[in-house]
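The listed protein sequences correspond, in order, to chains V and Z.
Just so it is clear: in the first sequence, position 98 is 98 by the working numbering, and no numbers are missing.
Just so it is clear: in the second sequence, position 101 is 101 by the working numbering, and no numbers are missing.
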Amino acid sequence: LAKTTQPISMDSYEGQEVNITCSHNNIATNDYITWYQQFPSQGPRFIIQGYKTKVTNEVASLFIPADRKSSTLSLPRVSLSDTAVYYCLVGERNYGQNFVFGPGTRLSVLP
Amino acid sequence: DVKVTQSSRYLVKRTGEKVFLECVQDMDHENMFWYRQDPGLGLRLIYFSYDVKMKEKGDIPEGYSVSREKKERFSLILESASTNQTSMYLCASSPPGRGGNTIYFGEGSWLTVV
């Protein structure tokens, strides 16, 4: 599995756009990039997934450059309820695949 | 909607007790996982299973065992609970095949061993 590196923590204010970047220099050809969100005392929740270029859904956008060695999760106009830990996961899903979560990025949204 | 259900949300057990944590998924997924999560350590994989009666050790299997008798159910067993197994335990499942690594998690089980 590709190793990922994310900032440990970030602060933002309500209404701002937040960009969290994940580095994955040894990403493999068949690897996808997936982001999860975790609130305290809950399991992680899928946010968005992509392979290349840009993906957008109702929650976030994911930007992936051509070399795919990094990706950026973009949260538009964050609110207090976006305070959570965000995990970047890179890998290919196969039988018995071992998914490894890094420490994630703790986002704190301030009023 | 996808659902992974963990049988107990909060448990308190005594040292030396045998503890069963049950997990059921309703998505017909082949892969199932057990993680534990501790402050500052992130999610650590204990065991995973890619088919009925199949299991593989994760990063921290010591002190744990698992059982997968049916596709939808994956149980984590603490043979003799110890205080250092106090943690939040997360069950997850994912479908097989290529095309991304979408994992679906349960709500977690908080285990306190006293």
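In this text, a Cβ means the ideal position worked out from N, Cα and C, and glycines have one as well.
- A Cβ-Cβ contact shorter than 7 angstroms links Z:Q25 with Z:V4.
- Between V:A84 and V:L73, the CB-CB gap reaches or exceeds 7 angstroms.
- The residues T15, V113, V114, in chain order, have a CB closer than 8 angstroms to that of Z:T83 in the same chain once the five nearest residues on each side in sequence are set aside.
- Residues of chain V with a Cβ closer than 7 angstroms to the Cβ of Z:G42 are, in chain order, F101, G102, P103, G104.
- Z:L43 has Z:Q37 as its beta-bridge partners, per DSSP.
- Looking at the DSSP output, V:R45 bridges to V:Q37.
- The DSSP-derived three-state label of V:Q6 is coil.
- Around Z:K70, the same chain offers V52 as residues with beta carbons nearer than 7 angstroms, after the five sequence neighbours per side are excluded.
- In the three-state scheme derived from DSSP, where H, G and I count as helix and E and B as strand, V:N57 is classed as coil.
- Straight-line measurement puts the Cα of V:Q6 at about 29 angstroms from the Cα of Z:H29.
- Contacts with chain Z at 7 angstroms (Cβ-Cβ) do not include V:Q16.
- One Cα belongs to Z:W34, the other to V:V55, and the distance between them is close to 29 angstroms.
- Taking Z:I60 as the centre and dropping the five residues before and after it, the same chain places the C-beta of R36, R44, L45, I46 closer than 8 angstroms to its C-beta, in chain order.
- Counting of Cβ neighbours within 10 angstroms places V:T29 among the exposed residues, the total staying below 16.
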